[in-house]
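Everything in the sequence shown is counted per the numbering used here, starting at 176 for the first residue and increasing by one.
The C-beta atom is built at its ideal place from N, Cα and C for all residues, glycine as well.
The structure displayed is predicted, hence computed values, not measured ones.
The next block holds one structure in the form of structure tokens; read it before the comments.
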Amino acid sequence: MAVLEILKYPAPALRRKCLPVERITERTRELARAMLDTMRDAPGVGLAAPQVGENIRLIVVDVSLGKDPKQVHFLVNPEIESAEGERIVEEGCLSLPGVTEKVHRRETVRVRALNLSGEEVFIDAREVLAFVLQHEIDHLDGKLILDHLNKTKRDVVKRRLKKQARAAS
Numbered sequence: 176m177a178v179l180e181i182l183k184y185p186a187p188a189l190r191r192k193c194l195p196v197e198r199i200t201e202r203t204r205e206l207a208r209a210m211l212d213t214m215r216d217a218p219g220v221g222l223a224a225p226q227v228g229e230n231i232r233l234i235v236v237d238v239s240l241g242k243d244p245k246q247v248h249f250l251v252n253p254e255i256e257s258a259e260g261e262r263i264v265e266e267g268c269l270s271l272p273g274v275t276e277k278v279h280r281r282e283t284v285r286v287r288a289l290n291l292s293g294e295e296v297f298i299d300a301r302e303v304l305a306f307v308l309q310h311e312i313d314h315l316d317g318k319l320i321l322d323h324l325n326k327t328k329r330d331v332v333k334r335r336l337k338k339q340a341r342a343a344s
């Protein structure tokens, strides 16, 4: 099992807009499998490449927490094609340890991506899977839960995270 280091806020890599994957190689597939191992070890339900220091548009999602292999999604260059409804949901993030915040998310999304074989796939997701896909795709654009908060709340959470980072080093 290859477990990678998950970057924590305020790591600069978390704020970069990721580059599209031009060609899916064996290295891309190895990274995706290592990301799945890392996500399960954390444990989490989603992980984006920038969270492990890779500046590419690749995410791994498994809302079954490893219980159903059919629920594992390796998505290359994912894009939200359509979204409907809205809900306020409580979210956490592996790169923001100890932080859970209420954010606005779309209830349903249709995502277009490539799988690890380079085939185009579409996922029509609702509720939890939709929320996780939106969260991970946000990471690919350098966006964090913090960006969904009002300025006052965002500043409070940022100060707490920076204090945690100083204490850990």
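In terms of residues, what are the limits of the alpha helix (DSSP H) holding Lys242? Your numbering for residue 242 matches position 67 in the sequence shown. Element bounds for Lys242: n/a, residue is neither H nor E.
Length of the line joining the Cα atoms of Arg280 and Gln309: The residue you call residue 280 lines up with position 105 of the sequence shown. The residue you call residue 309 lines up with position 134 of the sequence shown. Whole-angstrom Cα-Cα distance: 7 Å.
At which residues does the alpha helix (DSSP H) containing Arg280 begin and terminate? Within the sequence shown, numbered from 1, the residue matching residue 280 stands at position 105. For Arg280, there is no enclosing alpha helix (DSSP H); the residue is part of the beta strand (DSSP E) that begins and ends at 271-280.
Residues sharing a beta bridge with Ile231, DSSP: As a first step, residue 231 is located in the sequence shown; it is residue number 56 there, counting from the start. Note: Ile231 is bridge-paired with Leu194 in the DSSP secondary-structure output.
Alpha carbon of Glu311 to alpha carbon of Ala342, nearest angstrom: Within the sequence shown, the letter at position 136 stands for residue 311. Within the sequence shown, the letter at position 167 stands for residue 342. Rounded to whole angstroms, Glu311 and Ala342 show a C-alpha spacing of 27 Å.
Ile263 lies in the beta strand (DSSP E); which residues open and close that run? Looking up residue 263 in the sequence shown gives position 88. That run of the beta strand (DSSP E) goes 262-268.
One question on the structure: do Ser239 and Tyr184 come within less than 8 Å of each other, judged by their Cβ atoms? Numbered from its first residue, the sequence shown carries residue 239 at position 64. Numbered from its first residue, the sequence shown carries residue 184 at position 9. Not a contact, by the Cβ cut-off of 8 Å.
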